[in-house]
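**Q** Below is the structure I would like to discuss, written out as structure tokens.
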Amino acid sequence: CKLNNPCSHKCLDTGIAIECSCYPGYELGQDERSCLGEYIPILSYLARPVAAYSKDIDECSLHVDNCDPNFQICKNEHGRYTCVNPDGSVERPHAHTQSGSSPGSTNAIQSGKCPVGYQYNSKAQVCDDIDECQLKLDNCESDSSCQNNIGSFTCIRAPMEDCPPGYIFKSSERVCHVDINECEEGLDNCDQNTQLCINTEGSFHCEIKGVMTQCPAGYKINKEQKKCEDLQDS
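For any residue, its number in the numbering used here is found by taking its place in the sequence shown, counting from 1, and adding 460.
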């Protein structure tokens, strides 16, 4: 190969014969020496001249492309392919550029342009996912929790039944925290004629009126509604 290289691209001396091969995007000609097609490497964006006779290789159909399958669509072009983002822009978020743009090529990743939901990682030269939940960039309502996704986020509303009995969902902290006053809300099953409702943390209990002469510490008797009320609520 060094003394007499008949190959257009790659030459391999097996010791028995000379074998020629082509770079990605090319196809070996019938003479098994020349390479047909246009070559624009997906990683370096270096354009090469178009050969006189060309036969395109569909990298998308052959699944040899470098597009991100989670959010990009592979679009085959003559002698190459491009990765199309959801917003319609043509970029290669996971391509590592090693040289400047050549005429007619798009080097968006080198300029730090990433799709919505991603941020440019200058050290690795890739587009990293933005955790909108951790960075408080979500627009979830106070009664919902934020769940990060690749390139976006989802607002998940916490149903009341997920909280333990006697508690409600506290939207400010997004946790089950505030005690329900079953007595005030009329959620108790005490007999209003014979019993007094006493609220406790996470629950309540009924006291017989004839037995009780006063409410527990921190409570007072409401004679009209016939129940013990929390002094802090007064």
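Where a beta carbon is used, it is the ideal one built from N, C-alpha and C, also for glycine.
Apart from the five residues just before and just after Ser494, which ones in its own chain have a Cβ nearer than 6 Å to its Cβ?
**A** Taken in chain order, the residues that qualify are Ser468.
**Q** Considering just the uninterrupted stretch of the alpha helix (DSSP H) at Glu492, what are its terminal residues?
**A** That residue, Glu492, is in no alpha helix (DSSP H); it is neither H nor E in DSSP.
**Q** Out of Ile590, Lys596, Lys470, Pro575, which has the shortest C-alpha to C-alpha gap to Leu488?
**A** The shortest C-alpha separation from Leu488 is found at Lys470.
**Q** Cβ atoms of Leu496 and Tyr486: under 8 Å apart, would you say?
**A** Contact flag set, yes.
**Q** Cys675 and Ile681 - do their beta-carbons sit closer together than 8 Å?
**A** Yes.
**Q** Could you please give the first and the last residue of the uninterrupted alpha helix (DSSP H) stretch that includes Cys643?
**A** Cys643 -> alpha helix (DSSP H) spans 642-645.
**Q** Any idea what DSSP makes of Asn595, helix, strand or coil?
**A** Contrary to the premise, residue 595 reads as Leu rather than Asn in this sequence. Coil, per DSSP.
**Q** For Leu472, list the residues DSSP reports as bridge partners.
**A** According to DSSP, Leu472 bridges with Glu479.
**Q** May I have the straight-line CA-CA distance separating Gln579 from Ser602, to the nearest angstrom?
**A** Those two C-alpha atoms are separated by around 26 Å.
**Q** How close, in whole Å, do the beta carbons of Phe613 and Cys587 come, if the pair is a contact with beta carbons under 8 Å?
**A** The Cβ separation is near 16 Å, so there is no contact.
**Q** Apart from the five residues on each side of it in sequence, which residues of its chain come closer than 7 Å, Cβ to Cβ, to Thr542?
**A** Around Thr542: Lys535, Val550.
**Q** Reducing DSSP to helix, strand and coil, say where Cys520 ends up.
**A** DSSP places Cys520 in helix when its eight states are reduced to three.
**Q** Can you tell which of Gln655, Ile640, Tyr679 has its C-alpha closest to the C-alpha of Ser663?
**A** Closest by alpha carbon: Ile640.
**Q** Does the distance from the C-beta atom of Asp598 to that of Cys615 stay below 8 Å?
**A** Yes, the pair counts as a contact, with Cβ atoms nearer than the cut-off.
**Q** Tell me where the beta strand (DSSP E) around Ile668 begins and ends.
**A** 663-668 is the extent of the beta strand (DSSP E) around Ile668.
**Q** Looking at the structure shown, is Thr654 part of a helix, part of a strand, or coil, going by DSSP?
**A** Coil, per DSSP.
**Q** Whole angstroms is fine: what's the gap from His523's alpha carbon to Pro546's?
**A** Spanning the two alpha carbons is a distance of roughly 19 Å.
**Q** May I ask you to report which of helix, strand or coil DSSP gives Gln532?
**A** Gln532 falls in the coil class under three-state DSSP.
**Q** Do you know how far the Cα of Pro529 is from the Cα of Ser521?
**A** Each residue's alpha carbon lies about 13 Å from the other.
**Q** Quick one: residues in its chain with C-beta nearer than 8 Å to the C-beta of Asn581, no 5 flanking neighbours on either side, listed in chain order?
**A** If we look at Asn581 and ignore the five residues flanking it on each side, its Cβ neighbours are Cys587, Asp588.
**Q** Use the C-beta contact count for Asp651: other C-beta atoms within 10 angstroms, 16 or more gives buried, fewer gives exposed.
**A** Answer is exposed; the Cβ neighbour count stays below 16.
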